[in-house]
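Worksheet for the structure shown next.
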Amino acid sequence: MAMSYIRKILLGSLLAFTSLAVSAQTFVFTAIPDEDETKLMERFKGIADYLQEKLGVEVRYIPVKSYAAAVSAFRNNQVQLAWFGGLSGVQARSLVPGSEALAQGVEDVDFYTYFIAHQSTGLEESDTLPEGIRGKTFTFGSKGSTSGRVMPEHYIRQTFSEAPEDVFSRVGFSGNHTRTLRLVEAGTYEVGALNYAVWEKELENGNVNTDEVSVIWKTPAYPDYQWTIRGDVDDRYGEGFTDKVRQALLDMDDPELLESFPRSGFIPTANENYEPIRSVAEQIGILD
Amino acid sequence: MSGFELSGLTASYGGERVIGPLSLDVKEGEHVALVGKSGAGKSTLIKLIHERVDGHASLVPQDLGLVNALPVFHNVFMGQLDAHPAWYNTVTLVRPFRKDREAVKDLLRELGMADKFWTPTASLSGGQRQRVAVARAIYRNADLLLADEPISALDGPLAHQVMKALSQRFATSVIALHDVEMALAYATRIIGIQDGQIALDEASNRLSAADIMPLY
Amino acid sequence: MHFSPTLRVSLLFLVIAIAALFFADIAITTANPWRDLGRFFLGVATPDFFSTEGLATALLRTVAFAFVGVALGSACGFLLSLIYRFYPVRIFCAFIRAIHELFWALIFLQFFGFHPLTGVLAIAIPYSGIFAKVYSEILDEADPGPARLLPPSTGIISTFLYTRIPDCWVQLRTYTAYRLECGLRSSAILGFVGLPTLGFYLETSFSQGLYSQAGAMLILFYVLIATIPLWVKPKLLPVYILGAPFFLGDGMPIIWGNVERFFTQDIIPAPLRDGEGLAGLGPWFSDLMLTEAMPGIWNTLILTQIALVATGILTLLAFPLISNHFGGPIRRTSGHVFLVIARSTPEYILAYILLQLWGPSMLPAVVALALHNGGIIGHLIGRQTNAIHLRPDAPTGYRRYSWELVPRVYRSFLAFLFYRWEIIMRETAILGILGIYTLGFYVDSAIQQIRFDRAMVLILITALLNIGIDILGRYIRRKLALQTMPTC
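Chains as they are written, first to last, in the working numbering: chain H, 1 to 288; chain V, 1001 to 1216; chain Y, 2001 to 2488.
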């Protein structure tokens, strides 16, 4: 009895909420969750306001819980623009033909990964990846991170000719750079690898206990973060929209906004600048 | 046609024959009382007949077969579920129609329980439950009644009230009865069952209680 | 020496678990686990209810997803239960319920994205499978008598509505209400993969060490679950079910091309998609099996067996906490509070918290699974002992426990434990997402690498493993003649 009308209600309601949606003309963007969410929300709400003013369309930022979710949202056209890392950008652009890398931070041309260690390991800063890290516990950042996974794994393999699982006694994925820093600082992991910019920013803000954790090695430079846009935005938001977005990003000069990344400014880039990342990712087997 | 002619009636339980083989002819208009000790096979015979007439009979089984969670009204109304389309029955579950309510109420009044209309049958006494099952059988409106001890939990006047109603409402009936006096009072024909066989078959006006006692 | 079959089985599982301990990775890896735990409890003791503006919305969404998901699951499950006697339907239901809500969410996220439908279906689909099974078991128990008495030409719908449903109505309602509580837990953890429910904010607060915020969310969640009898009333139910769809949030629009792409390209094994044909499939599959599936299965089994026995031990220790046969009202009340918290907190959240505090290893997972499942079974067994009347001169204390009570409840204890075996395994697999190397870890990795073909194969393997354990658990329960009612 009650069943039959509950069924009717449900059918009706299913139809009702499939029709709810974001207005078609809202320009939506996302970013890989590489840092603490509160910080990301603050940063990208600012960016959304900035872009909305510059582009003259409604702009909305949606937070995601993983790198893959950012790539999927971009691929599924639920977002049209994204702040990707090196690897996630390569993944996204190969999945969405016509999409292009628009702009990167000045610092992203030559980006680095820091290997950091807890003081109990007794490891010191050196010019090469120290042999002493063998047998320690180690954490990457997110599984899909360039500076927290792909590049450090690449250099670990290059130095030791072994997979990370064989080099270290325990390998984990902290989730993001801030957490890698916290976990190594607390001694949960003895060694970790993270985005150097996050380290520098936290250090500057006095959020790092340097008695507990220190940098032991800096990787060679590689290209990293970039803004990537879908190829079909001009059809949807009008001719020249891509250029408008690029220009808006390049023109960003509000020190507060830039500091939140932290980048000193944005410069043009192109898809082919990220070929090195692609080949490294293919080598370590996380890209087909 | 509410009479029946059945032959080869037989049933076994756990490899042991409990009834038959026997034949039974009941003519339209006959009111048959099945008598005999408990365990003689009366219940089994009632069930057998019910199966053989393809359910085309009102049945009051010993365990009554009430739906405990439903109130008295719905248990009685169930007798006529085949008379209405599914939507009608569904609506009736939530909110019964006036004419059904009144028909059922009249019937219950006849059986002395008009006050228990909306009570779930789970909370009724044994005698009340029996009368609900009887009401359902009557409401069913079949010509043939098969009943297994329908008044075992009723006393004096109520038992008579129910038996009277049953013999008026059905053209033909086969009722298993423990009570010999009742059998003699309301049946036109008495069949005595002993060890799964018919041990006595006689018109009731030619019998007295003393003739039946040897069966017990 | 003679052992009863139940004892023999118990010892066998104990031995397996001890053997598994030698292969398991059990450690506390944080330098200062107790300081962190202390900070966490301090956070719970000093909850901050006003820090996140989204908290009220998150609670509302959690309730809304639970209502819509469970209602849809219950309606579909009910329809399926009507045809549950057909073998293909049984297989289908076993399959959809063997895949955890979080896995379903991860699948739907790939093509529906952050649309409410993702969360609704993630709950509704596995719940349909569970509802179908339990509903059909309940309906089969209905008294067949009344149906035989109906006029022969009565339609099947009327027969069903008048004779089956009323007989089972109370049980159906009780089970559905119970499932709603499970649905709230499921809904909460969906936030961990990005849906706008409680888990979303809980993860944010926890990962940043904001324990007062996290504490506030946990407390609100317990209050929400503990007060279900107060705010879920039969009369209000239609209002909730009608209203809930409007509180799911807008999410992002669905693009149907993505759905088609997912099924026609993404989940097609890479060698087939790239035109290498069947020849390439062999190496692809064996690589997947060797490097991901086998280690995942191994770790999942090890962790499951340890967690199962740990659950059993915790149950036996915990049930006296709420039993009338021991202690005074204060002990019992605190026992109740402990068990309510243990069973209301989803394993996933417990494991997440303990992982943050103790560092990565199987230990947090074992403790989380044991606490949650031990809380559930301990509560049921404790309640059962309250119905036992002991003779006036029965022994007290430990001897009462070991001679009078445990022997009486041991069979139903085992029944619950084996019933939950499959549930523990399903959760074990999922905990991989948090970084323990069970099957979920490899599923998550494959999704992170946008290799949905691999993810689907691994999810399929997980489902088959669950079905296998379910069959084995039922076989053991039948062999030992153990009966139980469903729990979630």
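The C-beta atom is built at its ideal place from N, Cα and C for all residues, glycine as well.
**residue 1002 of chain V versus residue 1175 of chain V: straight-line alpha-carbon distance, rounded** = Taking the straight line from one Cα to the other gives about 15 Å.
**Message:** If I measure Cβ to Cβ from residue 21 of chain H and keep anything under 7 Å in the same chain, skipping five residues before and after, which residues do I get?
**Reply:** Reliability fails at residue 21 of chain H, whose pLDDT of 42 lies under 50, so the model's placement of it is uncertain and the value that follows must be treated cautiously. Within the same chain, residue 21 of chain H has no close Cβ partners at all.
**Asked** According to DSSP, what are the bridge partners of residue 1203 of chain V?
**Response** Residue 1203 of chain V has V/1189 as its beta-bridge partners, per DSSP.
**residue 34 of chain H vs residue 174 of chain H beta-carbon contact at 8 Å** = Cβ distance not < 8 Å, so residue 34 of chain H and residue 174 of chain H don't count as in contact.
**Message:** So if DSSP puts residue 60 of chain H in a beta bridge, which residue, or which two residues, is it bridged to?
**Reply:** Paired residues: H/28.
**Prompt:** What span of residues does the beta strand (DSSP E) with residue 1008 of chain V cover, start to end?
**Reply:** Start and end: 1004 to 1013.
**Item:** Local conformation of residue 2469 of chain Y per DSSP, three classes
**Value:** Three-state DSSP puts residue 2469 of chain Y in a helix.
**Message:** I'd like to know whether the C-beta atoms of residue 2288 of chain Y and residue 2454 of chain Y end up nearer to each other than 8 Å.
**Reply:** Taking 8 Å as the Cβ cut-off, residue 2288 of chain Y and residue 2454 of chain Y qualify as a contacting pair.
**Message:** Please tell me whether residue 260 of chain H and residue 46 of chain H are closer than 8 Å, where the distance is taken between their beta carbons.
**Reply:** Their beta carbons are under 8 Å apart, which means residue 260 of chain H touches residue 46 of chain H by this criterion.
**Message:** Let me check understanding here. Comparing Cα to Cα, which of H/83, H/148, H/113 lies closest to residue 100 of chain H?
**Reply:** When the alpha-carbon of residue 100 of chain H is set against those of H/83, H/148, H/113, the nearest one is in H/83.
**Straight-line Cα distance separating residue 170 of chain H from residue 2063 of chain Y** = Residue 2063 of chain Y and residue 170 of chain H: Cα-Cα distance of roughly 39 Å.
**Message:** Using a Cβ-Cβ cutoff of less than 7 Å, which residues in the same chain neighbour residue 51 of chain H once the five nearest sequence positions on both sides are dropped?
**Reply:** Answer for residue 51 of chain H: 59, 248, listed in chain order.
**Segment limits, alpha helix (DSSP H) that includes residue 2146 of chain Y** = That run of the alpha helix (DSSP H) goes 2145 to 2149.
**Request:** If I'm right that residue 117 of chain H touches residue 2032 of chain Y with Cβ under 8 Å, what's the distance once you round it to whole angstroms?
**Result:** Their Cβ separation, rounded to whole angstroms, is 17 Å, which puts residue 117 of chain H and residue 2032 of chain Y out of contact at 8 Å.
**Asked** Helix or strand or just coil, what does DSSP make of residue 2209 of chain Y?
**Response** The answer is coil: DSSP assigns residue 2209 of chain Y none of H, G, I, E or B.
**CA-to-CA distance, residue 288 of chain H to residue 120 of chain H, given in whole angstroms** = Those two C-alpha atoms are separated by around 39 Å.
**Message:** Here's the rule: buried if 16 or more other CB atoms are within 10 angstroms of the residue's CB, otherwise exposed. What is residue 41 of chain H?
**Reply:** Classification for residue 41 of chain H: exposed.
**Asked** At least one CB of chain H closer than 8 Å to the CB of residue 2293 of chain Y: is that the case?
**Response** Not an interface residue.
**Message:** When you compare the CB of residue 2377 of chain Y with every CB in chain H, is at least one pair closer than 8 Å?
**Reply:** No - not a single Cβ of chain H is within 8 Å of the one on residue 2377 of chain Y.
**Asked** Using CA coordinates, which residue listed in Y/2279, Y/2365, Y/2060 is at the minimum distance from residue 2349 of chain Y?
**Response** Taking only the C-alpha atoms, the option nearest residue 2349 of chain Y is Y/2365.
**Asked** Looking at the structure shown, is residue 1119 of chain V part of a helix, part of a strand, or coil, going by DSSP?
**Response** The answer is coil: DSSP assigns residue 1119 of chain V none of H, G, I, E or B.
**Asked** Quick one: what does DSSP say residue 1197 of chain V is sitting in, helix, strand or coil?
**Response** It is a strand residue.
**Prompt:** Are there 16 or more other CB atoms within 10 angstroms of the CB of residue 17 of chain H, so buried, or fewer, so exposed?
**Reply:** No answer about residue 17 of chain H holds up, because its pLDDT of 42 lies below 50 and its placement is not dependable.
**Request:** Consult DSSP for residue 2225 of chain Y and reduce its assignment to one of helix, strand or coil.
**Result:** Here residue 2225 of chain Y sits in helix by DSSP.
**Item:** Reference residue 172 of chain H, options Y/2042, Y/2360, Y/2016, Y/2313, closest by Cα
**Value:** Comparing Cα positions, the closest option is Y/2360.
**Message:** Measuring straight from C-alpha to C-alpha, what distance separates residue 9 of chain H and residue 1099 of chain V?
**Reply:** Annotation note: pLDDT 45 at residue 9 of chain H (below 50); position unreliable, no value reported.
**Prompt:** Which of the residues in the region 2300 to 2318 of chain Y, read from start to end, lie with their CB under 8 Å from any CB of chain H?
**Reply:** Residues are counted here when their Cβ sits less than 8 Å from a Cβ of chain H; for the region 2300 to 2318 of chain Y the count is zero.
**Prompt:** For the region 2108 to 2138 of chain Y, which residues have a CB atom closer than 9 Å to at least one CB atom of chain H, in sequence order?
**Reply:** Hits within the stretch, in order: 2109, 2110, 2111, 2112, 2113, 2114, 2115, 2116, 2117, 2120.
**Prompt:** Is there a Cβ from chain Y that is less than 8 Å from the Cβ of residue 205 of chain H?
**Reply:** With 8 Å as the cut-off, residue 205 of chain H does not count as an interface residue toward chain Y.
**Secondary structure, alpha helix (DSSP H): runs of 4+ residues fully inside the region 139 to 198 of chain H** = Correct list: 151 to 160, 164 to 167, 177 to 186.
**Asked** Would you report the Cα separation of residue 2187 of chain Y and residue 2440 of chain Y, rounded to the nearest angstrom?
**Response** Residue 2187 of chain Y and residue 2440 of chain Y: Cα-Cα distance of roughly 19 Å.
**Item:** Any C-beta of chain Y under 8 Å from that of residue 231 of chain H
**Value:** Closer than 8 Å: no.
**Asked** Mind pulling the chain V residues with CB within less than 8 Å of residue 2170 of chain Y?
**Response** Going along chain V in sequence order, the residues near residue 2170 of chain Y (Cβ under 8 Å) are 1069.
**Residue(s) in a DSSP beta bridge with residue 1031 of chain V** = Paired residues: V/1173.
**Prompt:** If you run the structure through DSSP and keep just helix, strand and coil, what is residue 22 of chain H?
**Reply:** Any reading at residue 22 of chain H must be qualified, since the residue scores a pLDDT of 48, below 50, and its modelled position is unreliable; the value itself is stated next. In the three-state reduction of the DSSP assignment, residue 22 of chain H falls in the coil class.
**Prompt:** Quick one, which of Y/2203, Y/2179, Y/2309, Y/2396 has its alpha-carbon nearest residue 2190 of chain Y's?
**Reply:** The shortest C-alpha to C-alpha distance from residue 2190 of chain Y to any of Y/2203, Y/2179, Y/2309, Y/2396 is the one to Y/2203.
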